[in-house]
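Novice: Below is the structure I would like to discuss, written out as C-alpha cells.
In the UniProt record's numbering, the protein residues as written are 1 to 114.
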C-alpha cells in the first residue's frame, strides 16, 4: 500500500505542540481541511488501545463524517501511532529542534478516493 508523508515545522516547543495535538478542545480549533469545514466535536483517549473520534462537517451542513481510530503506540512527546477503522495505519513523530517542533506523519493512502 502506498504511503503519504506530510511534514510541518511549528515555531513552538514540543510540549505545547503535543498538548495541542492531543487536547480535544484544541483539536476542534485546528482540525479542518479548509475554511469551509470545521471540527464540531472531539474525543481523545490517548493511550495504547484507546480510541479517538473527531466529527468533521462542512460549514454549510451539506456533509459530515467521523474520523476515528485506535491507538497502537504512544511515546509521550515523541510518537503516536494508530489504526483507522478501515485498517489503514498512521505513524506520527514529533521532533524538537531548539525552539521549534517538526511533526512528521506517514499514513496509508486510501483506495476509495485516490
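All C-beta atoms in this analysis are idealised placements derived from N, C-alpha and C, irrespective of residue type, glycine included.
Suppose the cutoff is 6 Å on Cβ atoms and the five residues either side in sequence are ignored; what does the same chain contact list for residue 91 look like?
Specialist: Position 91 of the chain shown, counted from the first residue, corresponds to residue 91. Correct list, in chain order: 81 and 106.
Novice: How many Å lie between residue 63 and residue 33 at the Cα?
Specialist: Residue 63 sits at position 63 when you count from the first residue of the chain shown. Residue 33 sits at position 33 when you count from the first residue of the chain shown. Cα to Cα, residue 63 sits roughly 13 Å from residue 33.
Novice: Please classify residue 14 as buried or exposed, where buried requires at least 16 other C-beta atoms within 10 Å of its C-beta.
Specialist: Working through the chain shown from its first residue, we reach residue 14 at position 14. That one is buried.
Novice: So, helix, strand or coil for residue 31, using DSSP?
Specialist: By 1-based counting over the chain shown, the position of residue 31 is 31. Residue 31: coil per DSSP, three-state reduction.
Novice: Just list the residues that DSSP pairs residue 102 with in beta bridges.
Specialist: Taking the first residue of the chain shown as position 1, residue 102 is located at position 102. Bridge partners of residue 102: 9 and 95.
Novice: Grouping DSSP H, G and I as helix and E and B as strand, with all else coil, what is residue 109?
Specialist: Within the chain shown, residue 109 is the residue found at index 109, counting from 1. Coil at residue 109, not helix or strand.
Novice: Hey, how far is the Cα of residue 37 from the Cα of residue 57?
Specialist: Within the chain shown, numbered from 1, the residue matching residue 37 stands at position 37. Within the chain shown, numbered from 1, the residue matching residue 57 stands at position 57. One C-alpha to the other measures close to 6 Å.
Novice: Output the distance between the C-alpha atoms of residue 51 and residue 44, rounded to the nearest integer angstrom.
Specialist: Numbered from 1 along the chain shown, position 51 holds the residue referred to as residue 51. Numbered from 1 along the chain shown, position 44 holds the residue referred to as residue 44. The alpha-carbon atoms of residue 51 and residue 44 are separated by roughly 6 Å.
Novice: I need the boundaries of the beta strand (DSSP E) containing residue 43, first residue and last residue.
Specialist: Here residue 43 refers to the residue found at position 43 when the chain shown is read from its first residue. Its beta strand (DSSP E) spans residues 37-44.
Novice: Return the CA-CA distance between residue 48 and residue 59, expressed in angstroms with no decimal places.
Specialist: Position 48 of the chain shown holds residue 48. Position 59 of the chain shown holds residue 59. Distance between the alpha carbons of residue 48 and residue 59: 33 Å.
Novice: Using only the alpha-carbon positions, how far apart do residue 69 and residue 29 sit?
Specialist: Start at 1 with the first residue of the chain shown, and residue 69 comes out as number 69. Start at 1 with the first residue of the chain shown, and residue 29 comes out as number 29. Residue 69 and residue 29: Cα-Cα distance of roughly 19 Å.
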